[in-house]
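Notes to accompany the following structure.
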Amino acid sequence: MAPSVLAADLGQLRSEMERVDSHVEMFHLDVMDGLYVPNLTFGAPVIEKVRPAVNAFFDCHLMVIEPLRLFEALAGAGADHVTLHTDVCDDPTEAGSFARRLGMGFGLALSPALAPAVIRPHLAGLDMVTVMSVEPGFGGQAFMPETLSKVETIRRWIDDEELKTALQIDGGITPETAPLAAAAGADIFVAGTAVFARADPVEAVGMLRRSIHSAMSSADGA
Ligand code: DX5
Ligand code: ZN
13 MAPSVLAADL GQLRSEMERV DSHVEMFHLD VMDGLYVPNL TFGAPVIEKV
63 RPAVNAFFDC HLMVIEPLRL FEALAGAGAD HVTLHTDVCD DPTEAGSFAR
113 RLGMGFGLAL SPALAPAVIR PHLAGLDMVT VMSVEPGFGG QAFMPETLSK
163 VETIRRWIDD EELKTALQID GGITPETAPL AAAAGADIFV AGTAVFARAD
213 PVEAVGMLRR SIHSAMSSAD GA
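Each residue of the sequence shown is one higher than the one before, counting from 13 in the numbering used here.
What follows is the structure, given as structure tokens:
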């Protein structure tokens, strides 16, 4: 589980994160610049302030036009991984080496309009692929079921090539849609609204996990 803090009360981000920290593997931090997407969120200075308070892995989802300019500051702030959009990453090999030199993992995100073929040549060099199941920019949007076939395709490539690349889905994940994504082959689930907009975010994480596990155990039994 990777809760997206975009849906948290950003006025008390640290305590919001502390509350769920021990119940999740990862936090998803949506860094937006108001240019690549119309929304503007936060960057390294905010991430640096919350990092000492929480233990989970930090994946920074960069929705910015010049993502490489942020790498050093994000690494300094304690980011563990950066996810870049394919259309603002001209050279994923170079970007990946730069991220790793700074001690961060590196992945690519695929917007709904793009085909998975864009990712394929780079797959072996990625720590994580993110299939966007909403248009980047805002939380609280409806899940786009047509993106599931991309998860299936990329899962097949990862398995066929015996890669260690993680496959993440981002957008509109709820206890209803998470099992669909799990069945398609996703292994990391970003959820903003379905965690932080709930009265009890810890219980919400548990509900999401149970929905995923029940989908996986019924698939195993089939
Ligand atoms: C959208 C972001 C998502 C967003 C997900 O641009 O990439 O990470 O926070 O929010 P929900 O879970 O509300 O769709
Ligand atoms: Zn995101």
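Just so you know, even glycine gets a beta-carbon here, dropped at the ideal spot from N, CA and C.
Going by the C-beta, is residue 18 closer than 8 Å to any heavy atom of ligand 1? Start at 1 with the first residue of the sequence shown, and residue 18 comes out as number 6. Checking the Cβ of residue 18 against ligand 1 gives yes.
Bridge partners for residue 121 per DSSP, in chain order? Along the sequence shown, read from residue 1 onward, the residue named residue 121 stands at position 109. The partner list for residue 121 (beta bridge, DSSP) reads 97, 142.
Looking at residue 163 and residue 73, is the spacing between their C-beta atoms short of 9 Å? In the sequence shown, the residue the question calls residue 73 occupies position 61. In the sequence shown, the residue the question calls residue 163 occupies position 151. Not a contact, by the Cβ cut-off of 9 Å.
Under 8 Å from any heavy atom of ligand 1, does the C-beta of residue 184 make it? The sequence position of residue 184 within the sequence shown is 172, counting from 1. For residue 184, the CB falls within less than 8 Å of some heavy atom of ligand 1.
Distance check for residue 145 and residue 159, CA to CA, integer angstroms please. Along the sequence shown, read from residue 1 onward, the residue named residue 159 stands at position 147. Along the sequence shown, read from residue 1 onward, the residue named residue 145 stands at position 133. Their backbone Cα atoms lie some 6 Å apart in a straight line.
Between which two residues does the alpha helix (DSSP H) carrying residue 203 extend? One-based indexing of the sequence shown puts residue 203 at position 191. Counting along the chain, residue 203 falls outside any alpha helix (DSSP H), though it belongs to the beta strand (DSSP E) covering 200 to 203.
What's the gap between the Cα of residue 114 and the Cα of residue 26? Your numbering for residue 114 matches position 102 in the sequence shown. Your numbering for residue 26 matches position 14 in the sequence shown. Their backbone Cα atoms lie some 25 Å apart in a straight line.
Report yes if the C-beta distance between residue 204 and residue 40 is below 9 Å; otherwise report no. The sequence position of residue 204 within the sequence shown is 192, counting from 1. The sequence position of residue 40 within the sequence shown is 28, counting from 1. Yes, the Cβ-Cβ distance between residue 204 and residue 40 is below 9 Å.
Rounded Cβ spacing between residue 38 and residue 69 (contact assumed at less than 8 Å): Your numbering for residue 38 matches position 26 in the sequence shown. Your numbering for residue 69 matches position 57 in the sequence shown. Confirmed, about 4 Å.
Three-state class that DSSP yields for residue 150 in the structure shown: Within the sequence shown, numbered from 1, the residue matching residue 150 stands at position 138. In the structure shown, residue 150 sits in coil (DSSP, three-state: anything other than H, G, I, E or B).
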